[in-house]
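*Asks:*
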């Protein structure tokens with residue numbers, strides 16, 4: 065399930081094999097405006113905009129007991145720190 069995520073394709077195939085980049089060379093940010101500003105400031109680089117994981121895909125991954133890769137679980141709005149989420153059965 066998680067293998068089909070856009071972030072997995074980017075990190076496993078595109079970045080290492082086409083751009084030859086390591087994870088520490090990459091900037092992650094949720095704001096397109098911030099990334100465009102950084103790109104203009106540096107006057108170089110490549111920007112990838114990835115679509116978010118939809119709710120069904122996310123639930124399928126979780127219910128299969130799979131872990132999602134880093135940088136694929138940015139959720140907004142943020143859940144307050146210390147809040148526990150638990151699905152109660154009716």
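In this note's numbering, the protein residues as written are 65 to 154.
Every residue, glycine too, gets a C-beta built ideally from N, C-alpha and C.
Using the three-state DSSP reduction, which class does residue 145 fall into: helix, strand or coil?
*Replies:* Note: residue 145 maps to coil in three-state DSSP.
*Asks:* Could you check the C-alpha separation between residue 86 and residue 77 for me, to the nearest Å?
*Replies:* Taking the straight line from one Cα to the other gives about 12 angstroms.
*Asks:* Between residue 70 and residue 119, which are expected to be in contact by the criterion C-beta below 8 angstroms, what is the C-beta distance as a whole number of angstroms?
*Replies:* With 8 angstroms as the limit, residue 70 and residue 119 do not qualify as a contact, their Cβ atoms being about 16 angstroms apart.
*Asks:* Give the DSSP-derived three-state secondary structure of residue 80 in the structure shown.
*Replies:* Correct three-state label for residue 80: helix.
*Asks:* Just to confirm, does residue 124 get its C-beta within under 8 angstroms of one of the non-hydrogen atoms of the ligand HEM?
*Replies:* Absence of the ligand HEM is noted for the structure shown, with no ligands found whatsoever.
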